[in-house]
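Quick note on this note's numbering: the sequence shown kicks off at 25 and runs consecutively.
The structure appears below as structure tokens.
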Amino acid sequence: MRLFEPCSWGWKPPLLALIAVVANAQSYRFAQAWDGEKLIPNAVITVDHDRIKSISTTAPPDVVDMTRYTALPGLIDVHTHMTYVLDMTRIAQSGRGAATVYMSQDNVKKTLETGVTTVRNLGASDYTDIAMRDLINAGGMTGPRMFVSGYGLQITRGGRGGGPQTADGVAEVMKVVRQQVGAGADVIKMYGSTGSGQDVTGFQTFTYEEMKAAVDAAHALGKTIAIHTYGPTGARDAVRAGADSVEHATDMDDETISEMARKKIFYVPTIDHNRYYVDNARLLRYPPGATDALNDYIRRNLESAKKAHKAGVRFAMGSDVVYTMFGENTRELGWFVKAGMTPEQALKTATTNAAGLLQHSGDLGALKPGYFADICAVEGNPLDDIDVVIQKVRWVMKGGTVVVDKRK
Ligand SMILES: [Zn+2]
Numbered sequence: 025m026r027l028f029e030p031c032s033w034g035w036k037p038p039l040l041a042l043i044a045v046v047a048n049a050q051s052y053r054f055a056q057a058w059d060g061e062k063l064i065p066n067a068v069i070t071v072d073h074d075r076i077k078s079i080s081t082t083a084p085p086d087v088v089d090m091t092r093y094t095a096l097p098g099l100i101d102v103h104t105h106m107t108y109v110l111d112m113t114r115i116a117q118s119g120r121g122a123a124t125v126y127m128s129q130d131n132v133k134k135t136l137e138t139g140v141t142t143v144r145n146l147g148a149s150d151y152t153d154i155a156m157r158d159l160i161n162a163g164g165m166t167g168p169r170m171f172v173s174g175y176g177l178q179i180t181r182g183g184r185g186g187g188p189q190t191a192d193g194v195a196e197v198m199k200v201v202r203q204q205v206g207a208g209a210d211v212i213k214m215y216g217s218t219g220s221g222q223d224v225t226g227f228q229t230f231t232y233e234e235m236k237a238a239v240d241a242a243h244a245l246g247k248t249i250a251i252h253t254y255g256p257t258g259a260r261d262a263v264r265a266g267a268d269s270v271e272h273a274t275d276m277d278d279e280t281i282s283e284m285a286r287k288k289i290f291y292v293p294t295i296d297h298n299r300y301y302v303d304n305a306r307l308l309r310y311p312p313g314a315t316d317a318l319n320d321y322i323r324r325n326l327e328s329a330k331k332a333h334k335a336g337v338r339f340a341m342g343s344d345v346v347y348t349m350f351g352e353n354t355r356e357l358g359w360f361v362k363a364g365m366t367p368e369q370a371l372k373t374a375t376t377n378a379a380g381l382l383q384h385s386g387d388l389g390a391l392k393p394g395y396f397a398d399i400c401a402v403e404g405n406p407l408d409d410i411d412v413v414i415q416k417v418r419w420v421m422k423g424g425t426v427v428v429d430k431r432k
């Protein structure tokens, strides 16, 4: 039986959405727009259906006055867990995927409020991520555009094994990659080391040969692959195997870092998610002392980010957002500035770079004619102060529809 059958519960596209589709082009005048490369003063962005029609400085009489704001491309968070709910009711446990999708609606709403209009979701059970992606695309749920992985590949470990995510050896790795693609995944996620939540160990799990098999199987089917690794040996082998992005990774050696730069592999350090765990250690029932290990990890993570940035590695912004962290998706940008980026370089990690990682440089991550009308309006100049992006998002458009409006 299929988990998700929209027709069986009679969902139909809302009538208002259909009316919006036939409406005429609309123009918006901003104080300025940063289009992914440069600032355009007095920018007038004209939106037609779900796309940007033009950017100019002349406006028609019915232009919407947004001159209090700076327009940015809708932001992209390349490492989310949209289906992770802090399940106090325990309803979503034991594989009840429909309840998980329902309870995740708050996560998608809070994510949109940060200006994030596109996410890459790395790991979900029961293909709840695929259900959410399809619901959002069909207009049945208002949320960011999702690129999803299905199950993240894991080795047999700690008594767990045999699940749909488990793969041991090259043949099983290839099979599980193909199963995710077959189920409808856009991207492959592989857990290449231990480490998650309060556990900051980074023992390599999959071997180089298994990583290489996963990379080749994903690429053969036209998909990219993200490899999770907390420690340096997993990062070394993920880079050697040619992963498209390396997630988390601390203590990487100079050779690994320079190979990442040379191969243009994206680094998604997710520094801020451990800050979230430290701040919420009590809520998450971590034992005393867990925060010391987390803080030590944060320090090493930032150090790796500094080194990688200096070496010319490309970064993409990933929050690794879970549970009650939704709404804090873009705080990672503050760490990137601490790691030595200018605010503009940090912004690129959540726009043009992230779109490159998604292989959508032609329609996402920039404000250009023909691109999706994903626009984030902030109060202030984010090129002077990255906190403007983190804290002062006032209005968000996704695919031509206003999804957040906090203008007063
Ligand atoms: Zn993650």
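Note that the Cβ used here is the ideal one computed from N, Cα and C, for glycine as well.
A contact is defined here as three or more CB-CB pairs under 8 Å, and the stretch 321-335 fails this definition with respect to the stretch 372-388. Look at histidine 103 here: in three-state DSSP terms it is strand. Counting every other CB atom within 10 Å of its CB across the protein chains shown gives lysine 422 a total of 16 or more, marking it as buried. Under the 10 Å beta carbon count, phenylalanine 227 is surrounded by fewer than 16 other beta carbons and is classified as exposed.
Spanning the alpha carbons of valine 224 and leucine 318 requires a straight line of approximately 7 Å. Per DSSP, threonine 253 is not a residue of any alpha helix (DSSP H); the beta strand (DSSP E) it occupies stretches across 248-253. Distances between the C-beta of leucine 318 and the heavy atoms of ligand 1 are all 6 Å or more.
According to DSSP, aspartate 320 shares a beta bridge with no other residue. Distance from threonine 138 to glycine 404 at the Cβ level is roughly 15 Å; contact not present, criterion being Cβ atoms closer than 8 Å. Taking C-beta atoms under 8 Å as the contact rule, lysine 213 and histidine 272 fail to qualify, at a distance of about 12 Å.
By alpha-carbon distance to glycine 358, the top candidate from Ile154, Ala370, Tyr347 is Ala370. For aspartate 344, the Cβ falls inside the 6 Å cut-off from some heavy atom of ligand 1.
With contacts defined by Cβ atoms closer than 7 Å, valine 200 and alanine 191 form a contacting pair. One thing to note: asparagine 131 has its Cβ no nearer than 7 Å to the Cβ of methionine 156. In this structure, leucine 381 has its CB at a distance of at least 6 Å from all heavy atoms of ligand 1. Cβ contact annotation for serine 80 (same chain, cutoff 6 Å, sequence separation greater than five): Val68, in chain order. By the criterion of a C-beta distance shorter than 6 Å, threonine 257 is surrounded in its chain by Gln228, once the five residues flanking it on both sides are discounted. A Cβ-Cβ contact shorter than 7 Å links arginine 260 with threonine 280. One thing to note: isoleucine 160 has its Cβ no nearer than 7 Å to the Cβ of proline 393.
The Cβ-Cβ distance between valine 270 and aspartate 210 does not fall below 7 Å. With a 10 Å radius around the Cβ and a threshold of 16 neighbouring Cβ atoms, proline 311 comes out exposed.
Looking at the DSSP output, threonine 315 bridges to nothing.
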